[in-house]
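Numbering (the working numbering), first residue to last: 26 to 253.
Input: a single structure, listed below in structure tokens.
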Amino acid sequence: MIESIHPVFTWSQNRIFAGGNRNVILLVEWKGNMPSEHSRPSSYKVVAREIELRVWLEPHVTFKRSYGCEFEVGEGSSLLLKLGKIKTGQRKFIALEFNISTTIAGRYEALSLQWKYKKPTVERVQELPVKVLELEYTHHTQVLSETCCFHVEKHLELLKTAETIEEATTLQNEGQHSQAHEMLCRHADKLLLLAVRSGDPLLLKEAEMLYKQIGFEYQKRGKTATGN
Numbered sequence: 026m027i028e029s030i031h032p033v034f035t036w037s038q039n040r041i042f043a044g045g046n047r048n049v050i051l052l053v054e055w056k057g058n059m060p061s062e063h064s065r066p067s068s069y070k071v072v073a074r075e076i077e078l079r080v081w082l083e084p085h086v087t088f089k090r091s092y093g094c095e096f097e098v099g100e101g102s103s104l105l106l107k108l109g110k111i112k113t114g115q116r117k118f119i120a121l122e123f124n125i126s127t128t129i130a131g132r133y134e135a136l137s138l139q140w141k142y143k144k145p146t147v148e149r150v151q152e153l154p155v156k157v158l159e160l161e162y163t164h165h166t167q168v169l170s171e172t173c174c175f176h177v178e179k180h181l182e183l184l185k186t187a188e189t190i191e192e193a194t195t196l197q198n199e200g201q202h203s204q205a206h207e208m209l210c211r212h213a214d215k216l217l218l219l220a221v222r223s224g225d226p227l228l229l230k231e232a233e234m235l236y237k238q239i240g241f242e243y244q245k246r247g248k249t250a251t252g253n
């Protein structure tokens, strides 16, 4: 049977230093079925709805927070993420942050994950097989200097954009305009730096969008201050 969604999981780091607690990011990507060769974007349809991702944590893994989605705490050491629907050819991303406890060197299971969804015209729930993700613990100190996987870092910062705008809007509504301005500038600068380092056009586009919003807010405040 052809599944309607195709998930991909990527750790920010595949190896963890065994000598201390570490934070890691799991980037979760899921894609709708690819469109046929002759399909037009306007004809792309919903291929899965009421998508849910259940995540079970091993004892040495602690959930810290999510980016791009909300979650419910389930029975035992589990999380339930309700992820809505997806269309033909569409790609979506969320990120989950975990703290990994110290342990002896070796390769260990960290998470078990299972997707559930419904097809557009069918009420029966479809289930994907449970996926088990592992992490490697090592005493090699070189892992302490290893950088985050760029693919994960890129999409994590893109996911943070909506959250940053929302927090800045709250600050502006509370009259804390300087703090809101600084928050937006910091995130725009980080996106731009990543874009310059990588040459990634999507990061550059997102940075430009934020800079435009910062300029718009500055102009609006100026007009309010002068009474124009």
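We treat Cβ as the ideally placed atom computed from N, Cα and C, and that holds for glycine.
For clarity, every value in this text was computed on a predicted model and none was experimentally measured.
Terminal residues of the alpha helix (DSSP H) in which residue i lies
i	result
I129	That residue, I129, is in no alpha helix (DSSP H); it is neither H nor E in DSSP.
N198	175-198
Selection from the options that minimises the alpha carbon distance to residue i
i	options	result
V157	L181, W140, V147, E148	W140
E100	W81, A232, Q167, R132	W81
F175	K89, R222, P145	R222
L52	I129, V177, S91	V177
I50	R40, N58, M59	R40
D225	H180, E83, K144	H180
A37	D214, E233, L160, R211	Strictly speaking, residue 37 in this sequence is Ser, with Ala absent from that position. It is L160 whose Cα lies nearest to the Cα of S37.
S102	K112, I111, F123	F123
L279	M234, E199, G109, K230	Coverage of the chain is limited to positions 26 through 253, which leaves residue 279 absent and any answer about it impossible.
T113	H164, N58, E207	N58
Inter-residue spacing [alpha-carbon to alpha-carbon] between residue i and residue j
i	j	result
I264	G44	With the chain covering 26 to 253 only, the question about residue 264 has no answer from this structure.
E152	A187	30 angstroms
A73	L217	35 angstroms
A205	N48	27 angstroms
A213	C94	21 angstroms
V168	Y162	10 angstroms
Buried or exposed (CB count within 10 angstroms, at least 16 for buried), residue i
i	result
T251	Unreliable positioning characterises T251 in this predicted model, as indicated by a pLDDT of 48, which lies under 50. The coordinate reading is nonetheless provided below. When all chains shown are included, T251 counts as exposed.
N86	The question names Asn, but residue 86 in the sequence shown is Val. It counts as buried.
Limits of the unbroken beta strand (DSSP E) element including residue i
i	result
T35	30-36
Discussion item. So within the segment 88-129, which uninterrupted beta strand (DSSP E) runs reach at least 3 residues, ignoring any that extend past its ends?
Written reply: Runs of beta strand (DSSP E) with 3 or more residues, each lying fully within the segment 88-129, are found at 96-98, 103-112, 116-125, listed in chain order.
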